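For reference, the structure discussed in these notes is given below.
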Amino acid sequence: MSDSSIRALERGVAVLQAVNRLNGAKPGDIADATGIPRPSIYRLLRTLSEMGMVSKDHFSNRWRPTRHVKSLSSGFREEDWVCQVAVPHMIELGRDVLWPLDLVTLRGCAMEVRESTHQISPYSVHHGMVGKQIPLIETASGRVLLANMSEPDRQALLTLLSETSGVKPPFVMKDGGIDAIIAKVRKLGVGFRVADFTPETGSISAPIWYEDQVFACLTLIWSTSSLPLEKSLVLYRDKLLRTADAISRDLVGKLTSAEIAQFREAS
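If you want it as structure tokens, here you go:
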């Protein structure tokens, strides 16, 4: 395959990912999200449309993914614990609170969204979150993970983050230093985010345990224009913790040795 063909493939995938994530985007929005020139965006959208992967709303000039995009994942099978254990609890809680939920795990020195209810939430402001990597120390899930790690493991992870990102300690975010944030997370029992990463949304995150380690995090996301952090804690913290605890209990005896090994390696 020539370099130009590889480049075209990379751009096509980037456009498809942007359309999926934005779920109703004009070509200019896609160009801004991908950094690809607008003339190329038009050509790529036309090709993806001919493949049946995207469609255009001619009244609004917005592009959306079609159901044929699901064919790309027909051979993919997420771990059984996600499908059988976590998802039913996420759907139940999502129907109650209406705001979207993400199931997040550690991947290297970042957090990765493994499953989400954004697609069924009436209040979702983000789409295409599954598979997306998000920052460690700026997110509610990363913070609750750090707060529940042993001191040696936490320092090793932060050292890896520093080496990878080039950001030197002490780690200070808009809402304070990492040590003060971890202390607050331990007091609240959940991770929180209100200032960094995506300021239009806030989130709280509860730990999901397997044996003596945080195996995953369950995160609830809301619009900051609708709720302050303090109100969200009153409304949703206990429900989120109960759901995370229920998933933790249901994980017992459900994980394969391969899934446990994969988790240990990633974390």
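Each number in my numbering corresponds to the 1-based position in the sequence shown with 151 added. Ideal placement from N, C-alpha and C gives every residue a C-beta, glycine not left out. Small disclaimer: the values here were computed from a predicted structure and weren't measured.
Exposed unless 16 or more other CB atoms sit within 10 angstroms - verdict on residue i
| i | result |
| --- | --- |
| L160 | exposed |
| T370 | buried |
| R344 | buried |
| V365 | buried |
| P320 | exposed |
| S399 | buried |
| V170 | buried |
| M300 | buried |
| P178 | buried |
Pair within 7 Å by beta-carbon distance, residue i and residue j
| i | j | result |
| --- | --- | --- |
| L386 | G353 | no |
| S383 | A291 | no |
| P273 | L244 | no |
| R158 | L195 | no |
| S206 | T217 | yes |
| V255 | C368 | yes |
| L308 | I333 | no |
| G175 | R213 | yes |
| Y361 | L312 | no |
| P251 | I372 | yes |
| D180 | L173 | yes |
Which of helix, strand or coil DSSP assigns to residue i
| i | result |
| --- | --- |
| T310 | helix |
| V170 | helix |
| P437 | In the structure as shown, the chain starts at 152 and stops at 418, and residue 437 therefore has no counterpart that could be examined. |
| V385 | helix |
| Y274 | coil |
| P358 | strand |
| G226 | In this predicted model, G226 has a pLDDT of only 49, less than 50, meaning its place in the structure is not dependable; the value taken from the coordinates is given anyway. Correct three-state label for G226: coil. |
| K207 | strand |
| V318 | coil |
| L369 | strand |
| G404 | coil |
| G342 | strand |
| G245 | helix |
| S267 | strand |
| S457 | This structure cannot speak to residue 457, because the chain is shown only from 152 to 418. |
| G186 | coil |
| V255 | strand |
| E175 | It should be noted that the sequence gives Gly, not Glu, for residue 175. In this structure, G175 counts as coil in the three-state DSSP scheme. |
| V281 | coil |
| P379 | coil |
| P350 | coil |
Given residue i as reference, the closest of the options once Cα atoms are compared
| i | options | result |
| --- | --- | --- |
| V276 | R388, R158, L391, T375 | T375 |
| A141 | Y361, M324, Q364 | Outside the shown range of the chain (152 to 418) lies residue 141, about which nothing can therefore be said. |
| V341 | L257, V295, A395 | V295 |
| I359 | G203, L391, P251, I181 | L391 |
| G186 | E201, M202, M204, A165 | A165 |
| G404 | M202, V236, D183 | V236 |
| D304 | A184, L257, A182 | L257 |
Cβ-based neighbour list, residue i, same chain, cut-off 6 Å, excluding 5 preceding and 5 following
| i | result |
| --- | --- |
| F322 | I288, I329 |
| D363 | none |
Same chain, Cβ closer than 7 Å to residue i, five either side skipped, listed in chain order
| i | result |
| --- | --- |
| M280 | D253, V264, S267, H269 |
Residues of its chain near residue i, where Cβ-Cβ distance is below 8 Å and the 5 sequence neighbours each way are ignored
| i | result |
| --- | --- |
| F348 | I285, P286, E289, T290 |
| Y193 | P178 |
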